[in-house]
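Residue numbers (UniProt numbering): 1 to 216. See below for the structure under consideration.
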Amino acid sequence: MDKSRLGRILAAIGVIIALALAGWGLWTVTRPAKAPAKATAGAPAETATRKKATEEKRPTATYDELAAAVQDVSNKYRSESGYTPYRSGPYAGMSIYELLDMTDDMDGVDDDAMADEIKTADTMPDDTSPEDLAAEITKLRNAYDAWDKRLWRTACDRFEEQSITDGMKPVIQAKPDCMGAAGDPPANQGTKESYQAMVDWYENAANLSARCSGGA
Numbered sequence: 001m002d003k004s005r006l007g008r009i010l011a012a013i014g015v016i017i018a019l020a021l022a023g024w025g026l027w028t029v030t031r032p033a034k035a036p037a038k039a040t041a042g043a044p045a046e047t048a049t050r051k052k053a054t055e056e057k058r059p060t061a062t063y064d065e066l067a068a069a070v071q072d073v074s075n076k077y078r079s080e081s082g083y084t085p086y087r088s089g090p091y092a093g094m095s096i097y098e099l100l101d102m103t104d105d106m107d108g109v110d111d112d113a114m115a116d117e118i119k120t121a122d123t124m125p126d127d128t129s130p131e132d133l134a135a136e137i138t139k140l141r142n143a144y145d146a147w148d149k150r151l152w153r154t155a156c157d158r159f160e161e162q163s164i165t166d167g168m169k170p171v172i173q174a175k176p177d178c179m180g181a182a183g184d185p186p187a188n189q190g191t192k193e194s195y196q197a198m199v200d201w202y203e204n205a206a207n208l209s210a211r212c213s214g215g216a
């Protein structure tokens, strides 16, 4: 193959490559944008829209609703604190608050924090927003629920340890033939109902112990 022919072939190939590159460049300029790029470009606006919608959907409440919540929680607080579990014996008529306070166990219930939260909710500033009023109601109710759980968990654990394990079980073991009728104590569930069940079991066992000892 002579040099002139080779030169013409290479020149033709060069033209083809040049046209191909030119066509590719034109296509990349005029082609539609890819969907992901478009979605990414729109993401900030969509995020802002969702955020705004979320803010607009925040719960709201009025001062009257907050006052009603404070009254409701205060009533429950007094009711639970004043609950009297014993029906007989030296502790009859004593409230759960008095029983736990007598042994300093109320410290673990963090009773002061509950009282402070009720006071905070009852003295919200006059310029509090409806959204913040609703948030305070939620905070108040959550604080009460947490306090109530601490109260009965503390009461149950103390009673199980001192009154049942260290108190009544040794009495039953000392007189198994007579005291066996007392049965096993209820399981400690850490609830008000569980506490009352343990107290009822204890009082029954105490009465049985008196009979086993020849008492009344």
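Even glycine gets a Cβ: it sits at the ideal position worked out from N, Cα and C.
Buried is the label assigned to Pro-85, since at least 16 other Cβ atoms lie within 10 Å of its Cβ. Here Gly-190 carries a coil assignment [DSSP, helix/strand/coil]. Exclusion of the five residues before and after Pro-59 leaves Ala-134 as the residues of its chain whose Cβ lies within less than 6 Å of its Cβ.
The alpha helix (DSSP H) runs of length 4 or more contained entirely in the region 125-178 are, from start to end of the chain, 130-158 and 169-174. Under the 8 Å Cβ criterion, the region 157-176 does not count as touching the region 136-143, having fewer than three qualifying pairs. Met-102: member of the alpha helix (DSSP H) spanning 96-102, first to last residue. Between Asp-105 and Thr-154, the C-beta gap is smaller than 7 Å, which places the two residues in contact.
C-alpha of Lys-76 to C-alpha of Arg-158: approximately 23 Å in a straight line.
Rounded to the nearest angstrom, the gap between the Cα atoms of Asp-101 and Ala-181 is 33 Å. Assigned with DSSP and collapsed to three states, Asp-111 falls in helix. Secondary structure of Ser-213 (DSSP, three-state): coil. For Asp-64, the enclosing alpha helix (DSSP H) covers residues 63-81. When DSSP states are grouped into helix, strand and coil, Gly-180 belongs to the helix group.
Shown here for Leu-151: same chain residues with a beta carbon closer than 6 Å to its own, the five before and five after excluded, namely Val-109 in chain order.
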